[in-house]
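Asks: Residue numbers (the working numbering), protein chains in the order written: chain B, 1 to 209; chain W, 210 to 418; chain U, 419 to 627; chain H, 628 to 836.
Before anything else, here's the structure in question.
Number of protein chains: 4
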Amino acid sequence: MTTDTTATSDCAAPRRGRPRSEAAEQAIFAAVEELMAGGTSLPELTIEGIAAAAGVGKATIYRRWPNKEALLVDMVSRLEEPLPSATGSVRGDLVAMIEYMRLRGLAKRSRWVLKAALGQMHSSPELHAAYRERVIKPRRQAARELVRRGIEEGELRSDLDEDLVGDLLVGPILARSVLWDDSDLEDPALAVKMVDALLQGLGGPAARG
Amino acid sequence: MTTDTTATSDCAAPRRGRPRSEAAEQAIFAAVEELMAGGTSLPELTIEGIAAAAGVGKATIYRRWPNKEALLVDMVSRLEEPLPSATGSVRGDLVAMIEYMRLRGLAKRSRWVLKAALGQMHSSPELHAAYRERVIKPRRQAARELVRRGIEEGELRSDLDEDLVGDLLVGPILARSVLWDDSDLEDPALAVKMVDALLQGLGGPAARG
Amino acid sequence: MTTDTTATSDCAAPRRGRPRSEAAEQAIFAAVEELMAGGTSLPELTIEGIAAAAGVGKATIYRRWPNKEALLVDMVSRLEEPLPSATGSVRGDLVAMIEYMRLRGLAKRSRWVLKAALGQMHSSPELHAAYRERVIKPRRQAARELVRRGIEEGELRSDLDEDLVGDLLVGPILARSVLWDDSDLEDPALAVKMVDALLQGLGGPAARG
Amino acid sequence: MTTDTTATSDCAAPRRGRPRSEAAEQAIFAAVEELMAGGTSLPELTIEGIAAAAGVGKATIYRRWPNKEALLVDMVSRLEEPLPSATGSVRGDLVAMIEYMRLRGLAKRSRWVLKAALGQMHSSPELHAAYRERVIKPRRQAARELVRRGIEEGELRSDLDEDLVGDLLVGPILARSVLWDDSDLEDPALAVKMVDALLQGLGGPAARG
DNA sequence: TACTAATCGAGACGGTACGTCAAGTCTTTAA
DNA sequence: TTAAAGACTTGACGTACCGTCTCGATTAGTA
């Protein structure tokens with residue numbers, strides 16, 4: 001999302017003029033964090049306020065991001081650590097993934113920026129796309145690969161669409177963390193319960209015949 | 210959400226002065242629909258623009274709703290038809306509920322207003338609450354009752370938390386309709402596939418062994 | 419210069435909406451006076467500063483004048499009292515006119531606004547024209563009529579172009595009051611000296627011979 | 628006005644480092660001329676624009692002049708050729724001086740820079756002073772000396788203040804060239820008419836008794 | 001031949017003001 | 001009393017310049 005042309009590290013052309021200040025960039029990120037932590041709601045979060053809090057000129061912000069939303073999406077994608085994965089059994093990995101999402105949903109720091117980007121992402125198509133490309137897609141991709149491994153190893157049914165299975169696993173925790181209430185995430189055993197329920201099926205005696 | 214004092218029809222005191230124009234109210238709703246249909250993004254949708262499009266004074270809007278978000282939430286709750294339910298088997302009802310959500314997610318008319326309210330709902334706590342009270346809660350309630358019935362009739366497992374089962378059923382379709390892409394909703398058999406997969410479980414031979 | 423549509427008092431159509439606040443207008447004028455009196459130079463005189471000093475929104479200023487220059491030209495034309503004239507002899511009237519200009523040039527209140535408009539008037543052709551139409555032309559017109567009367571009554575030579583004579587009379591005092599220094603205007607007898615020197619001619623014995 | 632420390636040619640200390648580029652200086656002057664010729668109004672004439680048009684860094688301009696006004700005043704004083712003078716009779720010299728001013732007022736190249744400096748000179752006292760010192764004073768000085776010579780040679784009256792006489796001669800042409808319209812300068816015989824009218828006096832038969 | 005130092009172009013920096021837009025409120029006349 | 005209209009104060013928007021400050025690269029004189 002960054003407009004910074006130096007981002008492409010393999011840039012051969014010698015950059016001219018004064019280089020962008022890394023300090024300014026960090027100050028901006030820090031100011032956003034601080035403001036949001038201080039109870040500023042999203043529409044109240046203005047470029048002018050960010051600039052003032054960061055001790056930075058407005059132009060310094062606009063030079064990097066075209067608008068508030070782009071800044072937020074950029075922050076989202078920066079705070080994405082790689083998903084934890086690839087250790088024990090497929091079931092264990094699924095639990096780990098969902099537990100990771102649960103904790104992310106609980107963490108104040110990532111909560112607002114996640115919801116922010118989600119809420120504002122409908123403003124412009126390109127931001128919507130960016131958000132999906134940066135945040136949504138990697139998660140679904142990771143889930144899908146996990147599902148594929150599960151099918152290969154016989155831990156998951158092979159007669160279902162991989163994408164569908166992925167969404168059945170990831171959808172509920174996402175709904176709870178983004179759409180619904182924080183209190184729905186507090187059970188530490190939630191991930192285990194979810195995965196196990198999904199693996200074993202919800203059907204009762206009548207359905208199981 | 211409406212501030213309209215005439216809404217309480219059992220108002221004994223004879224209202225004095227010029228009565229509120231029902232035409233104005235309809236014009237406002239129509240203007241919002243029209244503007245959103247015309248490609249206006251949500252931040253671009255201004256009270257001023259709505260008033261102009263509706264041929265109405267701004268005060269006429271503010272007299273009814275305190276702000277833009279309240280107007281939108283009001284529109285959301287007005288377009289909510291009762292969930293279809295209570296006919297055949299529990300499995301059939303679950304499929305019907307999810308199918309209903311799928312079609313709602315596909316319908317252009319409800320899409321934007323749903324996403325709108327979702328996106329803006331983080332602005333103020335009271336709107337957040339209103340949206341949850343009006344839209345989220347009834348759905349989860351309906352799902353929970355369906356689950357309870359399923360458990361009673363033996364179609365669903367009885368050893369699981371009702372809320373958890375509800376979210377496992379509703380989460381995936383919500384994620385697909387709100388968070389992800391429209392293209393993920395196009396399969397007409399989606400609801401059946403989802404419900405059946407959930408009922409039978411995702412576990413393969415290794416898990417089932 | 420005023421954009422105010424109510425300015426044309428013979429407007430038959432009944433004006434709708436809230437009328438412009440006369441108080442706001444006066445506050446703006448007062449603020450400009452005060453700021454300039456307080457040593458604010460012309461480029462330092464900003465719309466933002468005026469609005470703040472007047473306790474008025476910027477839009478309230480822009481609703482009336484398109485820019486700072488138009489506001490100033492409007493102020494110029496408003497502080498123009500009618501030129502004093504038409505009493506005693508033509509010589510007496512000429513002295514009165516020049517004395518009037520001398521005092522105007524000395525008066526702090528009119529000095530800055532005169533110079534301001536003069537200096538900025540080259541920005542845009544239309545303001546230039548407005549300034550000429552409102553300020554310059556009436557003065558030259560008054561001078562020309564005085565000259566015509568002088569010619570009729572035999573107090574001025576009849577073989578010269580009226581405009582030329584007018585400029586010979588008015589030019590020096592204008593140059594002193596606008597282009598040059600304030601100290602050049604301090605002699606109370608200046609007007610008499612100027613008029614008499616001009617009437618009698620500058621030529622010495624050699625020229626007169 | 629130039630800040631250039633190399634300007635003082637008698638500088639003993641051997642300058643070190645790369646010397647200032649004469650080419651850059653010329654490019655700046657040329658860019659200003661070109662921009663003004665291209666219809667750029669004075670407030671539109673920015674340092675940034677000049678630098679871009681000249682293909683020069685902003686600092687290269689600021690290294691030479693502290694601000695836009697200083698640059699303009701410097702340009703004014705550079706385009707000042709010595710006043711033509713000191714030949715024939717005093718009357719002839721007066722005509723020559725006024726004719727010179729008339730042509731200067733008509734010349735496009737000097738017009739804008741003259742008006743520019745005039746208009747902006749009220750910004751800061753020091754620039755005002757500089758303009759007066761560089762442009763106004765030499766003219767008045769030249770006029771005054773001409774007047775003194777005229778008095779000595781008997782061509783001008785000896786009973787009048789020299790400064791007053793100077794201003795009576797110079798004021799009208801200045802007013803026409805700076806304050807008023809270009810069309811007032813078009814008569815080729817203007818200088819002769821002015822000087823003769825002033826020398827002979829404007830008084831008619833009644834005044835002349 | 002290297003070193004030193006001021007210059008060059010470019011462009012980012014923290015600011016200020018611009019002129020626009022919308023927010024939510026208030027004040028008109030008309031129904 | 002409500003309606004439409006439109007002015008009110010407030011404040012953020014995104015842009016343009018201000019005058020200052022790095023950058024890497026020149027371009028002299030000095031060593």
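All residues carry an ideal CB built from backbone N, CA and C; glycine is no exception.
So what's ARG433 (chain U) in DSSP terms, helix, strand or just coil?
Replies: Note: ARG433 (chain U) maps to coil in three-state DSSP.
Asks: Could you check where the alpha helix (DSSP H) with GLY682 (chain H) kicks off and where it finishes?
Replies: From DSSP, GLY682 (chain H) is part of no alpha helix (DSSP H); its letter is neither H nor E.
Asks: Listed in chain order, which residues of the segment 763-785 of chain H have Cβ atoms closer than 9 angstroms to some Cβ of chain U?
Replies: The residues in question are ILE763, ARG767, VAL774, GLY777, ILE778, GLU780, GLY781, GLU782, LEU783, ARG784, SER785.
Asks: Please report the distance separating the alpha-carbon of PRO414 (chain W) from that of VAL147 (chain B).
Replies: So the alpha carbons of these two residues sit roughly 14 angstroms apart.
Asks: For the segment 159-206 of chain B, which segments carrying the alpha helix (DSSP H) assignment without a break, of at least 4 residues, lie completely within its bounds, in sequence order?
Replies: Complete alpha helix (DSSP H) runs here, min 4: 162-174, 190-200.
Asks: Report all residues from its chain with a CB closer than 8 angstroms to the CB of ALA197 (chain B); omit the five preceding and five following residues, and keep chain order.
Replies: So no residue of the chain qualifies.
Asks: If the criterion is Cβ atoms closer than 9 angstroms, does the pair LEU662 (chain H) and GLU726 (chain H) meet it?
Replies: No, the Cβ-Cβ distance between LEU662 (chain H) and GLU726 (chain H) is not below 9 angstroms.
Asks: Leaving out the 5 sequence neighbours to the left and right, which residues in its chain are closer than 7 angstroms to ARG645 (chain H) when beta-carbon positions are compared?
Replies: Closer than 7 angstroms at the Cβ level, and outside the excluded window around ARG645 (chain H), lies no residue.
Asks: Measure the alpha-carbon distance for THR60 (chain B) versus LEU524 (chain U) and round it to whole angstroms.
Replies: Taking the straight line joining both Cα atoms gives about 48 angstroms.
Asks: Is the segment 505-515 of chain U close to the segment 464-474 of chain U, with three or more CB pairs under 8 angstroms?
Replies: No: the two stretches stay apart, fewer than three of their Cβ pairs being nearer than 8 angstroms.
Asks: Name the DSSP beta bridge partners of LEU783 (chain H), please?
Replies: Paired residues: U:GLY621.
Asks: Below 7 angstroms on C-beta distance, what does TRP598 (chain U) contact in chain H?
Replies: Ordered by position in chain H, the residues that pass the 7 angstroms Cβ test against TRP598 (chain U) are ILE763.
Asks: Count the other CB atoms within 10 Å of the CB of GLU48 (chain B); is the residue buried (16 or more) or exposed (fewer)?
Replies: With fewer than 16 other Cβ atoms within 10 Å, it is exposed.
Asks: Would you mind telling me which residues of chain H sit closer than 9 angstroms to ARG520 (chain U), beta carbon to beta carbon, in chain order?
Replies: The premise fails here: ARG520 (chain U) is roughly 13 angstroms from chain H at the closest Cβ pair, so nothing lies under 9 angstroms.
Asks: How many Å lie between GLU772 (chain H) and LEU730 (chain H) at the Cα?
Replies: Straight-line Cα distance between these residues: approximately 22 angstroms.
Asks: Would ALA824 (chain H) pass as an interface residue toward chain U - the criterion being a Cβ-Cβ separation below 9 angstroms?
Replies: Chain U contact via Cβ: present.
Asks: What residue from B:ALA96, B:VAL95, B:ARG109, B:PRO14 has the CA that sits closest to ALA31 (chain B)'s CA?
Replies: The residue with the shortest Cα to Cα distance from ALA31 (chain B) is B:ARG109.
Asks: Alpha carbon to alpha carbon, how far is ASP74 (chain B) from SER367 (chain W)?
Replies: So the alpha carbons of these two residues sit roughly 45 angstroms apart.
Asks: Reducing DSSP to helix, strand and coil, say where PRO556 (chain U) ends up.
Replies: In this structure, PRO556 (chain U) counts as helix in the three-state DSSP scheme.
Asks: Would you call the CB atoms of GLN618 (chain U) and GLY666 (chain H) closer than 9 angstroms?
Replies: In this structure, GLY666 (chain H) does not lie closer than 9 angstroms to GLN618 (chain U) by Cβ.
Asks: Specify the secondary structure class of THR673 (chain H) as computed by DSSP and reduced to three states.
Replies: Note: THR673 (chain H) maps to coil in three-state DSSP.
Asks: Classify ALA70 (chain B): buried if its beta carbon has 16 or more other beta carbons within 10 angstroms, exposed otherwise.
Replies: Buried.
Asks: At which residues does the alpha helix (DSSP H) containing GLY314 (chain W) begin and terminate?
Replies: That run of the alpha helix (DSSP H) goes 299-315.
Asks: Exposed or buried, ARG273 (chain W), counting other C-beta atoms within 10 Å across all chains shown (16 or more means buried)?
Replies: ARG273 (chain W) comes out buried.
Asks: If we ignore side chains and look at the alpha-carbon of each, how far apart do VAL195 (chain B) and SER230 (chain W) end up?
Replies: For VAL195 (chain B) and SER230 (chain W), the distance between alpha carbons rounds to 55 angstroms.
Asks: Helix, strand or coil for GLY568 (chain U)? Go by DSSP, reduced to three states.
Replies: Reduced to three states, the DSSP call for GLY568 (chain U) is helix.
Asks: Of all Cβ atoms in chain W, is any one closer than 9 angstroms to the Cβ of MET64 (chain B)?
Replies: The displayed chain sequence assigns Arg, not Met, to residue 64 (chain B). Closer than 9 angstroms: no.
Asks: Below 7 angstroms on C-beta distance, what does GLY247 (chain W) contact in chain B?
Replies: The premise fails here: GLY247 (chain W) is roughly 15 angstroms from chain B at the closest Cβ pair, so nothing lies under 7 angstroms.
Asks: Leaving out five residues before and five after GLU779 (chain H) in sequence, what residues of the same chain have Cβ atoms less than 7 angstroms from its Cβ?
Replies: Excluding residues within five positions, none has a Cβ falling inside 7 angstroms.
Asks: Using the three-state DSSP reduction, which class does THR40 (chain B) fall into: helix, strand or coil?
Replies: Three-state DSSP puts THR40 (chain B) in coil, outside helix and strand.
Asks: Can you give me the C-alpha to C-alpha distance between PRO799 (chain H) and GLY572 (chain U), rounded to a whole angstrom?
Replies: Each residue's alpha carbon lies about 23 angstroms from the other.
Asks: Which residues of chain W have a Cβ atom closer than 7 angstroms to the Cβ of ASP167 (chain B), listed in chain order?
Replies: Result: PRO381, ALA384, ARG385.
Asks: Establish whether the CB of LYS58 (chain B) and some CB of chain W are separated by less than 9 angstroms.
Replies: Cβ-Cβ to chain W under 9 angstroms: no for LYS58 (chain B).
Asks: So, at 6 angstroms on beta carbons, what are the nonlocal neighbours of VAL379 (chain W) in its own chain, with the 5 sequence-adjacent residues on each side left out?
Replies: Cβ neighbours of VAL379 (chain W) beyond the five flanking positions: ALA352.
Asks: Determine the contact status of LEU179 (chain B) and LEU383 (chain W), defining contact as a CB-CB distance below 9 angstroms.
Replies: For LEU179 (chain B) and LEU383 (chain W), yes; Cβs fall inside 9 angstroms.
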